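J.: Position one of the sequence shown corresponds to residue 2 (the working numbering), numbered consecutively onward.
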Amino acid sequence: MKENIVWGRILIEELKKVRELHRNFEGILPRIGNEKSILEEAYQTINEEIRLISQIADNGFKIGKDFENTVKETLRLMIQMKGMIEEAMLNTEDLNKFQFSIKKIIQFNRNYDYLITENLNSMITYAEFIGLIKEGGIPSSILEKISNVEKIFERFEALIKFLKYLYHRPSDVFKVEFSIRKLNEMGLKWIEIWHLEKETGISRDEIVDILDGLALIGVIERMERGGESVYRLRDLGED
2 MKENIVWGRI LIEELKKVRE LHRNFEGILP RIGNEKSILE EAYQTINEEI
52 RLISQIADNG FKIGKDFENT VKETLRLMIQ MKGMIEEAML NTEDLNKFQF
102 SIKKIIQFNR NYDYLITENL NSMITYAEFI GLIKEGGIPS SILEKISNVE
152 KIFERFEALI KFLKYLYHRP SDVFKVEFSI RKLNEMGLKW IEIWHLEKET
202 GISRDEIVDI LDGLALIGVI ERMERGGESV YRLRDLGED
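(1) Specify the secondary structure class of valine 177 as computed by DSSP and reduced to three states.
(2) Which residue marks the beginning of the beta strand (DSSP E) containing arginine 241, and which one marks its end?
(3) Just reading off the beta strand (DSSP E) that arginine 52 is part of, what are its end residues?
(4) Going by C-alpha distance, which of Ile125, His196, Leu212 and Ser180 is nearest tyrosine 166?
(5) So is tyrosine 127 buried or exposed if we call it buried at 16+ other beta carbons inside 10 Å?
(6) Once DSSP output is grouped into helix, strand and coil, what is the label at serine 102?
(7) Would you give the residue range spanned by the alpha helix (DSSP H) that leucine 1 belongs to?
(8) Return yes when the Cβ of glutamate 178 is within less than 9 Å of the Cβ of isoleucine 208, no when it is not.
(9) I'd like to know if the segment 53-73 and the segment 88-106 are in contact, where contact means that at least 3 CB-CB pairs between them fall below 8 Å.
(10) Quick one: grab the DSSP three-state call for serine 204.
(11) State the CB to CB distance for the pair leucine 217 and isoleucine 181, rounded to an integer number of angstroms; the pair is presumed to be in contact (CB under 8 Å).
(12) According to the neighbour-count rule (16 or more other Cβ atoms, all chains shown, within 10 Å of its Cβ), is isoleucine 80 buried or exposed?
(13) With arginine 20 and leucine 160 assumed to form a contact (beta carbons below 8 Å), what rounded beta-carbon distance in angstroms separates them?
(14) Check whether the segment 98-110 and the segment 31-50 touch, using three or more Cβ-Cβ pairs below 8 Å as the test.
(15) For arginine 205, collect the residues of the same chain with a Cβ closer than 7 Å to its Cβ; drop the 5 residues on either side in sequence, then sort them by chain order.
(16) Going by DSSP, which residues form a beta bridge with arginine 233?
(17) Reducing DSSP to helix, strand and coil, say where isoleucine 192 ends up.
(18) With DSSP collapsed to three states, give me the class of methionine 2.
(19) From the DSSP output, in three-state form, read off glycine 34 for me.
(20) Are the beta-carbon atoms belonging to lysine 162 and aspartate 210 less than 9 Å from one another?
(21) Assuming glutamate 129 and isoleucine 13 make a contact with CB atoms under 8 Å, what is their CB distance in whole Å?
(22) Leaving aside the five residues before and after histidine 196 along the sequence, list all residues of the same chain whose C-beta is less than 8 Å from its C-beta, in chain order.
(23) Any idea what DSSP makes of aspartate 114, helix, strand or coil?
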């Protein structure tokens, strides 16, 4: 247990180091077409980012599947950016090719910076939360509501998934909540998932993720009926 806590603290520091390197990289990037030495500095910086993220990727499974997948996605994007910088370095003697390579890097970076920053912030938050749990830093009032650590992990992972839907696909969250509300108002007190598939056109797995999140934040309530989960708006009334 103690070793895991120490490893978690090291992980957080390494992630923060990568985040700082990425900020440095973004500070260098607007000037990479000016001098060869600046391009080389950008290359060295992203190489160090990749080295650190590769080490983190080797142990990402210890935190959780979502964390591991985010690390892999971050590493893939960094390797893609590194390849573009290498291409620019090979074309420094041909002005037209060099300018084209720089343009590709700048265009790619419009999404790259946002994605890397979001991924790193998510990973740091995730690692800090897991570390807090392992060190016993969660208030007892919360722990009393959760029977074991496994449930904490499950609920936290469900919340992370839900936040991603809220951020990237808020319309899907609205569709699911609106459909439950509409069906409840039509007299159907408990809603099955197939109802929501039919109403929204969203896949079953995605609906389940959204429902888990809505239940966690108290918008809807869930119960088991005939081996299946059914849902309704909270405080709708008695059955």
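Beta carbons: idealized from backbone N, C-alpha and C, even for Gly.
Keep in mind it's a predicted model, so treat the numbers as computed, not measured.
T.: Quick look at the numbers:
(1) helix
(2) Examination of residue 241 is not possible in this model, given that the chain is present from 2 through 240 alone.
(3) Unbroken run through arginine 52 is the alpha helix (DSSP H), 37-59; no beta strand (DSSP E).
(4) Leu212
(5) buried
(6) helix
(7) For the chain, the structure presents residues 2 to 240; residue 1 sits outside this window and is missing.
(8) no
(9) no
(10) coil
(11) So it is not a contact: roughly 15 Å between Cβ atoms.
(12) exposed
(13) Their Cβ separation, rounded to whole angstroms, is 22 Å, which puts arginine 20 and leucine 160 out of contact at 8 Å.
(14) yes
(15) Ile194 and Glu198
(16) Glu222
(17) strand
(18) Its pLDDT being 45, under 50, methionine 2 is placed unreliably in this model, and the coordinates cannot settle the point.
(19) coil
(20) yes
(21) 6 Å
(22) Ser180, Leu184 and Leu189
(23) helix
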